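Asker:
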Amino acid sequence: MAVSTISTADLAEAAERYAAHLALPGPPPDDELWAPQSLTKGAAGIALLHIERAHAGCGTWQQAHIWIMSAVAGQISATDTTGLYLGAPAITLMLDAAAGTTGRYRDALTDVDGYVAALAHRRVEAAMVRIGAGELPGFREYDVFFGLSGIGALLLRRDPGGSAMERILDYLVALSQPLRVDGQVLPGWWVGHDPHRRFSAAYRGGHGNLGIAHGIAGPLALLSLAMRRGITVGGQLEAITSICEWLDAWRQECEAGAWWPEWITMTDLRTGRASQPGPARPSWCYGTPGIARAGQLAGIATGDGYRQRMYEEALVRCLDDPAQQARITDGGLCHGWAGMYQTVWRTVHDAGTPALAAHLPRLAENLGRRAHPCTAAGPGLLDGAAGTALALHTAAHNVAPIAGWDACLLID
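Residue numbers for the sequence shown follow this note's numbering, so the first one is 1 and each next one is one higher.
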C-alpha cells in the first residue's frame, strides 16, 4: 500500500495558502468583462473554493460573499452561448453551492433558475432540429463546459424532476442514435470539427471524442448519474448500453492495462483501428480517469457489476503505471493532479475494487508536492489555483465536498 509522507495537516496548510493567495477579487481585464461570471477562470469559480471552506468551518461566509458579489456585479448572460461554465448556469451552480440546505440566496436562485430552465428548453429544441436534419453536432451542443451535459448536471441538482431535465435526457437518448451523413453511418455525437473546434485537413469529416469534458463520456456520466437517482426517460437504459458498447469497441490493451484513445478520426473509424499509439496523459478531461469514472457510474446505474469492475480495474492499472503518471505536469483540475485526485477520490468511494483506495495517499502526496499557488496557471477553477485548492481540501479532510462543487466535473 502506498504511504504518503505528506500529512493531512500539510495538505490543509497548503489549501490555506491557496485561499490566502485568493483572498480578494480584482477587476476583470478590459477585454474580458465576462470573466467574473466564468467558472473556468473568473470569480464564480473562485467563489466555490471560499464557499466550500465556509461550509467546512475553514473560512468565513464573509469571505465567500465577497467573491459571490464579485461574480454577480455585472449583467449576467442568459443567451444561448452560455453553459455550465459561463453565465446564468455558472452563477446558479455557485449560488446553489452556497445555499446548501439553507435559505441563503433563495430569491436570487429563484430568479436564475427560470433563466436556466428556459435556456435548456431552447438549446434542446435547436439540437433536436439539428438531429432531424441529419447534421453533425459541435462540442458546444452537448459537452460539459457549454453544452447540454453541463446544463443537465446543474438541473440534476436544482430541478431533477422538472421538464427541462427530462428534455435533456430525451435529447441525450437521441444523441446516442447513429446518424447517416454523406452515406457514412456515424455515432450521433460525432462532431464535424477537430478537437480544437476548428476545421482542419487532418480531421476532414470531423472526429468522435471519447473524453468526459468534450466527448461521449460526459453524456454517459449524466445519463448514469440521473438513472442512479431514479430520474429516467424512455430509451435511457438503451442509450447507456449503446454508448458503453462503443467504448468497449474502442478499448485498447497494452502491458499497462486497458486504455481509450482521446478521439477517433474518420480514418480510424473506417479501418477499425485507433491511430493513437498508446495511453496519453491520464487526466479528468481526457484519458482513463474521467472515462473510467463515467463507465463505473454506468455499471452502478444499470446494475452491471462486471462493467463496473472492468472500469475500476482499468483505473487501477493506469495508476500502477509510472509512465502515465509522469505525463501529468501541473496541479490543475482539468488535466493535472487536482483533477486526477478528485476523480479517483469519487471513484474510490463507489468502488468494489479495494486496490483503488490504496492509491489515494500517493496521489495526495503528488498533489501536495506539486501544488504551489504562485506557480498555478492563474487563479481560476479549471486550470488554476482555486481548483487545486479544492482538491487539496478534499485530500486534507477526506470527506465529500459539502458544497458539491465537483458536480461541474460530472463525477458526482
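In this text, a Cβ means the ideal position worked out from N, Cα and C, and glycines have one as well.
The model shown is predicted, which means the values in this text are computed figures rather than measured ones.
In the DSSP assignment, what residue or residues form a beta bridge with I264?
Answerer: Paired residues: G208.
Asker: Taking just the CA atoms, how far does R273 sit from I300?
Answerer: Near 29 Å, if we compare the C-alpha coordinates of R273 and I300.
Asker: Output needed for M266: all residues of its chain with C-beta closer than 6 Å, excluding positions within five of it in sequence on either side, in chain order.
Answerer: Taken in chain order, the residues that qualify are G205.
Asker: Mark M340 as exposed unless 16 or more other C-beta atoms lie within 10 angstroms of its C-beta, in which case mark it buried.
Answerer: With 16 or more other Cβ atoms within 10 Å, it is buried.
Asker: For the stretch 384-392 and the stretch 8-16, state whether three or more C-beta atom pairs, one from each stretch, are separated by less than 8 Å.
Answerer: Yes, since at least three Cβ pairs between the stretch 384-392 and the stretch 8-16 fall closer than 8 Å, the two stretches touch.
Asker: So, does the stretch 94-107 touch the stretch 143-152, judging by three or more C-beta pairs under 8 Å?
Answerer: As far as the Cβ criterion goes, the stretch 94-107 does not touch the stretch 143-152, which means the pair count is below three.
Asker: Just to check my reading of the structure: L382 and T81 have Cβ atoms closer than 8 Å, yes? What is that Cβ distance to the nearest angstrom?
Answerer: 18 Å between Cβ atoms; not a contact.
Asker: Along the chain, where does the beta strand (DSSP E) that runs through G257 open and close?
Answerer: 257-259 is the span of the beta strand (DSSP E), which, as asked, contains G257.
Asker: Tell me whether C254 sits in a helix, a strand or coil according to DSSP, three-state version.
Answerer: C254: strand per DSSP, three-state reduction.
Asker: Would you identify the three-state DSSP class for R281, choosing helix, strand or coil?
Answerer: Here R281 sits in coil by DSSP.
Asker: Counting beta carbon pairs with one atom in the stretch 279-296 and one in the stretch 334-351, are three or more of them shorter than 8 Å?
Answerer: They touch, by the three-pair rule.
Asker: For the beta strand (DSSP E) holding V185, just list the boundary residues, first then last.
Answerer: Looking at the DSSP string, the run of the beta strand (DSSP E) that includes V185 is 184-186.
Asker: Can you tell me the Cα-Cα spacing of G188 and A117, whole angstroms?
Answerer: Cα-Cα distance, rounded: 24 Å.
Asker: Could you tell me the alpha carbon to alpha carbon distance between T60 and I243, rounded to whole angstroms?
Answerer: C-alpha separation (whole angstroms): 43 Å.
Asker: Grouping DSSP H, G and I as helix and E and B as strand, with all else coil, what is V181?
Answerer: Of the three classes helix, strand and coil, the one that applies to V181 here is strand, per DSSP.
Asker: In three-state DSSP terms, what is V233?
Answerer: Correct three-state label for V233: coil.
Asker: Could you check what DSSP says for G152 in three-state terms: helix, strand or coil?
Answerer: Of the three classes helix, strand and coil, the one that applies to G152 here is helix, per DSSP.
Asker: Touching or not, the stretch 178-194 and the stretch 248-256, by the rule of three or more beta carbon pairs under 8 Å?
Answerer: No contact exists between the stretch 178-194 and the stretch 248-256.
Asker: With 16 as the cutoff for other CB atoms within 10 Å, does D406 come out buried or exposed?
Answerer: Flag for D406 reads buried.
Asker: Can you tell me the Cβ-Cβ gap for S38 and A78, rounded? I've got them flagged as a contact below 8 Å.
Answerer: Not confirmed; about 14 Å, so no contact.
Asker: Using a threshold of 8 Å, state whether the C-beta atoms of A153 and I402 are closer than that.
Answerer: Cβ atoms of A153 and I402: not closer than 8 Å.
Asker: In three-state terms, what does DSSP make of L220?
Answerer: Residue state, collapsed to three classes: helix.
Asker: DSSP three-state call for V191: helix, strand or coil?
Answerer: In the structure shown, V191 sits in a strand (DSSP, three-state: E or B).
Asker: According to DSSP, is L86 part of a helix, a strand, or is it coil?
Answerer: Residue state, collapsed to three classes: strand.
Asker: For R53 and chain B, any beta-carbon pair shorter than 8 Å?
Answerer: As a matter of chain content, chain B is missing from the structure shown, which is built from one protein chain.
Asker: Whose C-beta lies closer than 8 Å to the C-beta of H397 among residues of the same chain, with five residues either side of it excluded?
Answerer: Contacts found: T8, A12, A56.
Asker: Look at A19 and I51 and say whether their C-beta atoms are less than 8 Å apart.
Answerer: No, the Cβ-Cβ distance between A19 and I51 is not below 8 Å.
Asker: Determine the closest residue to G384 out of C408, A364, D330, with distance taken between C-alpha atoms.
Answerer: Of the candidates C408, A364, D330, the one whose C-alpha sits nearest the C-alpha of G384 is D330.
Asker: Would you list the residues sitting across from S38 in a DSSP beta bridge?
Answerer: L86, per the DSSP bridge assignment.
Asker: Span of the alpha helix (DSSP H) holding W345?
Answerer: Looking at the DSSP string, the run of the alpha helix (DSSP H) that includes W345 is 337-348.
Asker: Could you spell out where the alpha helix (DSSP H) holding N366 opens and where it closes?
Answerer: Where N366 is concerned, the enclosing alpha helix (DSSP H) stretches over 360-370.
Asker: Where does F146 fall in DSSP's three states?
Answerer: In this structure, F146 counts as coil in the three-state DSSP scheme.
Asker: So what's T81 in DSSP terms, helix, strand or just coil?
Answerer: The answer is coil: DSSP assigns T81 none of H, G, I, E or B.
Asker: Using alpha carbons as the reference points, say which of E312, W263, G278, L333 lies closest to A323.
Answerer: Cα-wise, what sits closest to A323 is G278.
Asker: Using CA atoms only, rank isn't needed, just tell me which of D268, V191, A164 is closest to R130.
Answerer: It is V191.
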